[in-house]
Amino acid sequence: MTGPDPAAALGRDTAAHWDGLYRAGGEIWGGTPSELVAVAVERLRTRGPAAANLTLLDLGCGYGRDAVALWHALGLAIVGVDGAARAIEMARAALPTGARIEYRCANLADSACAGAGRPRFDAVYCSNVYQLLGPAERAALRVTVRDQLAPGGLFFLSTLSTRDPQHAGKGRPVRGEPGSFVERTYLHLCHRAELAGDFDFLRLERLDEIAYREERLAGAPHDHVSWVVVGRAS
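In structure tokens, the structure reads:
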């Protein structure tokens, strides 16, 4: 038996849902940066000292743990965007002195979410957000990536695989959406061909799975399998 549509399943706006979780739980993912940080740092560090002149857009920045780690490692200028107001409040409160990071509360589906009139970014970064978006939201995020990424710029994405041991095969399937289900919230698990098609407007330089353990602020750690996508704009 299939479940309801994602919006009906949540019964609320996605941003409001996550805002409530941040207000109730604080730094729910702890302070350790995600695995995608190491991937981005390895690629961008090849620019040497020039990496500090790069700009990066962090889509779904949460309370800033990855943005701060990227800035510490590379010194680049970052705009972090998240739809959860409480996450942005937390990120701004924890902003390190001298950090070249600006946080904005905005809808990721808005292709101007980083601010109208800005130059395009040298890199766009999106860690563990794609899996939380419904089909229309995923399509809108891809438009944002296409609109915000400068020619030759790099895109970094991590998102849960259909082989993820924590979530695969659990929850109520969403009608008409293979790989989508509702457990405590809506999730969409991706397979290789899907991601290759979704980001066919980029030249994909990496598309593979990684296995890792995610520490949690409360409760036992989770074991995950996620896709890592690195693509370059034409």
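Sequence positions in the sequence shown follow this note's numbering and run 88 to 321.
Cβ coordinates follow ideal geometry from the N, Cα and C atoms, glycine included.
Since the model is a prediction, treat every value here as computed from it, not as a measurement.
With a threshold of 6 Å on Cβ separation, who are the neighbours of A172 within its own chain once the five nearest residues in sequence on each side are excluded? Around A172: D106, C192.
Between which residues of its own chain and Y131 is the CB-CB distance below 6 Å, once the five residues before and five after are set aside? Strictly speaking, residue 131 in this sequence is Leu, with Tyr absent from that position. Result list for L131: A138, L161, in chain order.
**OP:** Measure the beta-carbon distance from A201 to V168 and round it to whole angstroms, keeping in mind my assumption that it falls under 8 Å.
**Re:** That belief holds up - the Cβ atoms of A201 and V168 are roughly 6 Å apart, short of 8 Å.
Worksheet item: Is it right to say S267 is buried, meaning 16 or more other beta carbons lie within 10 angstroms of its own, or is it exposed?
Response: So S267 ends up on the buried side.
Query raised in the report: How close, in whole Å, do the beta carbons of W314 and L291 come, if the pair is a contact with beta carbons under 8 Å?
Result: No, W314 and L291 are not in contact; Cβ-Cβ is about 11 Å, not under 8 Å.
Inset, instruction - Could you work out which residue in A227, L274, Q235, H278 is closest to S248 when comparing CA atoms only? - result: The shortest Cα separation from S248 among A227, L274, Q235, H278 belongs to H278.
Worksheet item: Beta carbon of D310, beta carbon of Q253: below 8 Å?
Response: Yes.
Rounded Cβ spacing between L220 and L228 (contact assumed at less than 8 Å)
Contact flag correct, Cβ pair sits at about 6 Å.
Nearest neighbour of S321, chosen from L241, D145, H275 [CA to CA] | In terms of Cα proximity to S321, the closest of L241, D145, H275 is L241.
* To do: Classify T89 as buried or exposed, calling it buried when 16 or more other Cβ atoms lie within 10 Å of its own Cβ.
  => Its pLDDT being 44, under 50, T89 is placed unreliably in this model, and the coordinates cannot settle the point.
Tell me, which residues are paired with Y212 by DSSP?
Paired residue(s): D145, F243.
Check your understanding: Residues in its own chain within less than 7 Å of P238 by CB, not counting five upstream and five downstream?
Key -> Excluding sequence neighbours, P238 sits near A320, S321.
*Give, in chain order, every unbroken run of the beta strand (DSSP E) that is at least 3 residues long and sits entirely within the region 191–236.*
At a cut-off of 3 residues, the continuous stretches assigned as beta strand (DSSP E) that sit fully inside the region 191–236 are 208–214.
### Query
What's the C-alpha gap between I297 and V312?
Straight across, the Cα-Cα distance linking I297 with V312 is about 6 Å.
#### Entry: Per DSSP, cross-strand counterpart(s) of A160
Note: A160 sits in no beta bridge, so no partner.
- Burial state of A180, where buried means 16 or more other Cβ atoms lie within 10 Å: A180 should be labelled exposed.
Task: The alpha helix (DSSP H) enclosing W314, as first and last residue numbers - done: From DSSP, W314 is part of no alpha helix (DSSP H) but of the beta strand (DSSP E) over 309–319.
Going by DSSP, what residue range makes up the alpha helix (DSSP H) through D285? Boundaries of the alpha helix (DSSP H) harbouring D285: 279–285, taken from the DSSP string.
For T184, is the classification buried or exposed, using 16 other Cβ atoms within 10 angstroms of its Cβ as the cut-off for buried?
Exposed is the label assigned to T184, since fewer than 16 other Cβ atoms lie within 10 Å of its Cβ.
Thinking just about the alpha-carbon of each residue, which of A199, V124, R152 is nearest to the one in A113?
Here residue 113 turns out to be Gly, not Ala, going by the sequence shown. The candidate whose alpha carbon is nearest that of G113 is R152.
Going by the CB atoms, is the gap between L289 and G318 shorter than 8 Å? The answer is yes: Cβ separation under 8 Å.
By how many angstroms is the C-alpha of A127 removed from the C-alpha of P260? Near 33 Å, if we compare the C-alpha coordinates of A127 and P260.
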